[in-house]
Amino acid sequence: MNTSTQLVNLQGNRACALAAIAAGCRFYAGYPITPSTEIAETMAAELPKLGGVFIQMEDEIASMAAVVGAAMGGAIAMTATSGPGFSLKQENLGYASAAEIPCVVVNVMRGGPSTGMPTRPAQGDVMQARWGTHGDHPIIVLTPASVPEIHAQTRKAFELSERFRIPVVVLYDEVLGHLVETVELGATGAVTPVERRYTRAARDSYQPYAPDEDGIPVMARPGDGYRTHTTGLTHDTNGFPTQDSVRVARIMERLLGKTDRHRDAIEQWHCIECDDAEVLVVAYGISARAATHAVHTARARGIAAGLFRPITLWPFPERAFAHATRHAHTVLVPELNAGQLRLEIERLCAHNPAVHGLHRLDGETLTPAQILADIERLAASKPRMRRVGDSA
Amino acid sequence: MNRPVSKDFDIRDYLRLDRMPHFLCPGCGHGIALRALLWAIHELDLNKDKLAVVSGIGCSGRLSAYVDANTYHTTHGRPLAFATGLKLARPDLTVVVITGDGDSLAIGGNHLIHACRRNLDLTCLMLNNEVYGMTGGQASPTTSADRYTTTTPLGNHEPRFDACKLAQAAGASFVGREVTLQLPALKNLIREGIAHAGFSFVEVMSDCTEIYGRKNELGSSPEMVLRQKHDVRPESYGNQVERPFRPGPWQTGILARDERVEYGAAWRSHCAQHGGGVAP
Chain A
1 MNTSTQLVNL QGNRACALAA IAAGCRFYAG YPITPSTEIA ETMAAELPKL
51 GGVFIQMEDE IASMAAVVGA AMGGAIAMTA TSGPGFSLKQ ENLGYASAAE
101 IPCVVVNVMR GGPSTGMPTR PAQGDVMQAR WGTHGDHPII VLTPASVPEI
151 HAQTRKAFEL SERFRIPVVV LYDEVLGHLV ETVELGATGA VTPVERRYTR
201 AARDSYQPYA PDEDGIPVMA RPGDGYRTHT TGLTHDTNGF PTQDSVRVAR
251 IMERLLGKTD RHRDAIEQWH CIECDDAEVL VVAYGISARA ATHAVHTARA
301 RGIAAGLFRP ITLWPFPERA FAHATRHAHT VLVPELNAGQ LRLEIERLCA
351 HNPAVHGLHR LDGETLTPAQ ILADIERLAA SKPRMRRVGD SA
Chain B
1 MNRPVSKDFD IRDYLRLDRM PHFLCPGCGH GIALRALLWA IHELDLNKDK
51 LAVVSGIGCS GRLSAYVDAN TYHTTHGRPL AFATGLKLAR PDLTVVVITG
101 DGDSLAIGGN HLIHACRRNL DLTCLMLNNE VYGMTGGQAS PTTSADRYTT
151 TTPLGNHEPR FDACKLAQAA GASFVGREVT LQLPALKNLI REGIAHAGFS
201 FVEVMSDCTE IYGRKNELGS SPEMVLRQKH DVRPESYGNQ VERPFRPGPW
251 QTGILARDER VEYGAAWRSH CAQHGGGVAP
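Chains A and B, in that order, are what the protein sequence lines are.
Each residue of the first sequence is one higher than the one before, starting from 1 at the first, in the working numbering.
Each residue of the second sequence is one higher than the one before, starting from 1 at the first, in the working numbering.
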């Protein structure tokens with residue numbers, strides 16, 4: 001087998017689509033929306049050559065429904081969208097979460113709220129990606145910061161989705177979606193597609209939602225004779241609805257526990273100069289690129305700055321983050337929203353270290369100089385002892 | 001093939017008996033519609049392992065759980081969109097969608113017209129009881145004029161949809177309507193719809209005795225279905241205006257049928273032309 005790789009210049013959205021295909025995605029349903037449309041356009045051109053399915057649906061709701069329907073039939077399936085479309089996806093994203101149907105949703109963030117600024121970058125969907133659909137539900141959100149990472153994390157999204165039977169959101173912004181960078185592609189045949197795990201249990205004793213030792217139920221393939229029922233109603237291990245409070249409590253505990261139990265397999269992050277960092281920057285996606293530059297410059301100027309970059313945004317890598325803050329007196333969270341991740345960081349820090357936000361909502365990206373200025377200001381301000389009950 | 005009874009059809013062969021008793025109200029027409037569907041499936045000799053029944057939300061949505069097949073109770077208004085993904089991913093499955101008047105004409109109206117346009121090989125059974133029964137009896141897009149519902153407490157002032165005309169106008173290649181009183185005819189209509197290679201839309205004029213009938217003093221279930229009988233105009237008599245056998249406003253039978261190209265077959269041929277070989 002030829003395992004040599006090739007270097008190609010790819011746009012972020014195209015890298016996403018090609019990674020999905022390499023991961024085995026053979027079903028794409030979507031609806032045109034800026035700035036994610038190149039993903040659909042790439043899928044429309046490539047999937048017919050592979051005997052896959054590309055379908056442009058009548059709306060965003062239908063695209064998500066078709067993806068879940070195809071996944072229930074056995075397809076490795078994906079859709080992509082942006083802000084307003086992501087809002088419309090939430091209904092059936094919740095269905096996938098509740099019925100435990102693996103699927104991948106890409107959200108290329110643009111300025112909001114509402115129609116906002118379709119061609120400008122933003123990071124305003126951090127909380128919607130976590131809590132966008134109604135009810136308590138498990139979800140995984142990955143947030144790459146470069147084109148090669150979009151490529152790698154799109155594949156990771158399919159792996160996690162199949163392993164944990166959970167929808168996975170790949171979340172990046174307009175700039176990364178349209179940025180062209182060099183990606184190392186695996187040679188044809190060198191990349192193994194993601195595969196779905198199917199039950200081989202006896203047909204009369206198979207319970208479609210009975211968890212395995214990892215807490216994950218094993219799917220039955222339609223057509224294999226199991227004839228199961230799938231519903232968005234709260235359902236028992238047999239797949240049928242129940243409102244028995246004792247059983248529902250147990251069902252919800254397992255469902256919500258899927259991500260908590262497997263944090264080691266799900267959480268990814270990247271640390272730069274965190275070991276002795278006194279001012280710790282927490283940044284993701286496009287803002288992490290500016291932050292990386294700012295942290296290196298600060299170090300060159302003798303400031304003990306570091307960068308903690310979550311790649312898995314949800315569940316947030318809490319333990320790794322706590323470890324990274326062990327010498328920090330201040331945490332700085334630069335992001336292209338009004339402080340969505342900052343709120344989570346404040347919760348984790350409980351005011352120690354102190355948390356500051358640097359927010360930009362004008363449709364432009366944060367610059368290294370802006371972040372550096374805040375790092376220098378925060379490094380110069382004397383850390384004060386904080387008491388329980390102090391406000392930030 | 002218009003047998004009034006089928007000697008070898010036993011509905012219990014197609015039901016999940018452990019899910020009985022079902023939750024439908026006494027007098028509800030949906031059970032008859034389900035019987036007609038299962039009878040049609042039996043006559044077509046379909047393998048239950050290769051049968052998928054997809055439903056939405058509402059009284060009609062709960063029927064899928066009773067069918068001994070691969071069944072999917074999806075979200076409100078979206079069963080056709082789920083079924084579109086399922087059928088394209090798995091052309092080997094026979095996919096039947098059960099929906100209601102609110103599910104498919106209100107919240108799911110967009111999905112219905114585009115399913116009609118695409119002509120993917122799905123059979124859509126719309127059970128029309130003129131009301132949102134599950135939520136306690138609110139007006140739907142097919143509620144008749146002046147009827148009382150909880151959201152039309154002074155009588156319905158809105159015009160109603162003719163679902164079959166809508167499906168025809170949107171391009172459905174098979175359109176039919178039948179009342180539950182004519183069980184063998186309904187069964188035949190559904191059988192023709194499933195056998196048809198393309199999108200089939202079948203409107204079943206069902207009745208909601210408990211919630212809609214009671215509020216409007218429409219009488220018992222037999223009275224309601226007999227009234228429907230007088231409201232319909234069977235398709236075979238449709239053009240004989242000088243001898244109106246049943247001059248009701250609702251035409252029944254097969255109202256449209258053409259053999260235009262089926263979406264899945266067209267897609268697979270598109271793939272083959274571009275080196276895509278056999279679809280999954």
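Every residue, glycine too, gets a C-beta built ideally from N, C-alpha and C.
All of these numbers come straight from a predicted model, not from anything done at the bench.
field: Helix, strand or coil at Asn-188/B according to DSSP, with G and I counted as helix
entry: helix
- prompt: Is the beta carbon of Val-105/A less than 8 Å from the beta carbon of Leu-88/A?
  reply: no
message: I'd like the ranges of any beta strand (DSSP E) spanning at least 3 consecutive residues and lying wholly in the stretch 254 to 286 of chain A.
response: 269 to 272, 279 to 282
query: Is any beta-carbon of chain B found at less than 8 Å from that of Glu-162/A?
result: no
field: Contact set between the stretch 65 to 92 of chain A and chain B, restricted to residues whose Cβ is under 8 Å from the partner
entry: Ala-65, Ala-66, Val-67, Val-68, Gly-69, Ala-70, Ala-71, Met-72, Gly-73, Gly-74, Ala-75, Ala-77, Glu-91, Asn-92
field: Ala-290/A: contacting residues in chain B (beta-carbon distance under 9 Å)
entry: In chain order: nothing, as chain B lies at least about 39 Å away.
message: Counting only beta-carbon separations shorter than 8 Å, does Asp-13/B have a partner in chain A?
response: no
query: Any beta-carbon of chain A closer than 8 Å to the one on Ala-170/B?
result: no
message: Cβ closer than 7 Å: which chain B residues qualify as neighbours of Arg-227/A?
response: Lys-48, Asp-49, Asp-68, Ala-69, Asn-70
- request: Determine the chain B residues that contact Glu-58/A at a beta-carbon separation under 7 Å, and present them in chain order.
  value: Asn-110, His-111, His-114
query: Counting only beta-carbon atoms, is Ala-17/A nearer than 8 Å to chain B?
result: no
- prompt: Does the stretch 22 to 42 of chain A come within contact of the stretch 50 to 66 of chain B, defined as at least 3 CB pairs closer than 8 Å?
  reply: no
message: When you compare the CB positions of Thr-119/A and Ala-19/A, do they come within less than 8 Å of one another, or not?
response: no
- prompt: Would you say Gly-61/B and Leu-80/B are within 8 Å of each other, going by their C-beta atoms?
  reply: no
- prompt: Counting only beta-carbon atoms, is Gly-137/B nearer than 8 Å to chain A?
  reply: no
message: Residues in the same chain with beta-carbon distance under 6 Å from Ile-113/B, minus the five sequence neighbours each way, listed in chain order, please.
response: Ala-170
- prompt: What number of angstroms, rounded off, separates the C-alpha of Ala-106/B from the C-alpha of Phe-161/B?
  reply: 10 Å
task: Under the assumption that Gly-176/B contacts Leu-122/B (Cβ atoms under 8 Å), give the Cβ distance between them as a whole number of angstroms.
output: Incorrect: roughly 14 Å between the Cβ atoms, too far for contact.
message: Please list the terminal residues of the continuous beta strand (DSSP E) segment that includes Gln-251/B.
response: 250 to 257
message: Closer than 8 Å between beta carbons: that is the criterion. Which residues of the stretch 28 to 40 of chain A meet it against chain B?
response: Ala-29
Nearest candidate by alpha-carbon position, reference Asp-258/B, set Asn-119/B, Thr-152/B, Asp-18/B, Cys-25/B: Asn-119/B
field: Alpha-carbon to alpha-carbon, Ala-152/A and Arg-299/A
entry: 29 Å
- request: State buried or exposed for Glu-364/A, treating a residue as buried only when at least 16 other CB atoms are found within 10 Å of its CB.
  value: exposed
query: Interface residues of chain C around Asp-162/B at Cβ under 9 Å?
result: Annotation note: the requested chain C is absent from the structure, which comprises protein chains A and B.
query: In this structure, does DSSP put Gly-102/B in helix, strand or coil?
result: helix
field: Sequence ranges, beta strand (DSSP E) only - wholly within the stretch 54 to 130 of chain B, length at least 3
entry: 70 to 73, 94 to 100, 123 to 128
- prompt: Looking at Thr-180/B and Val-225/B, is the spacing between their C-beta atoms short of 8 Å?
  reply: yes
task: Would you identify the three-state DSSP class for Gly-94/A, choosing helix, strand or coil?
output: helix
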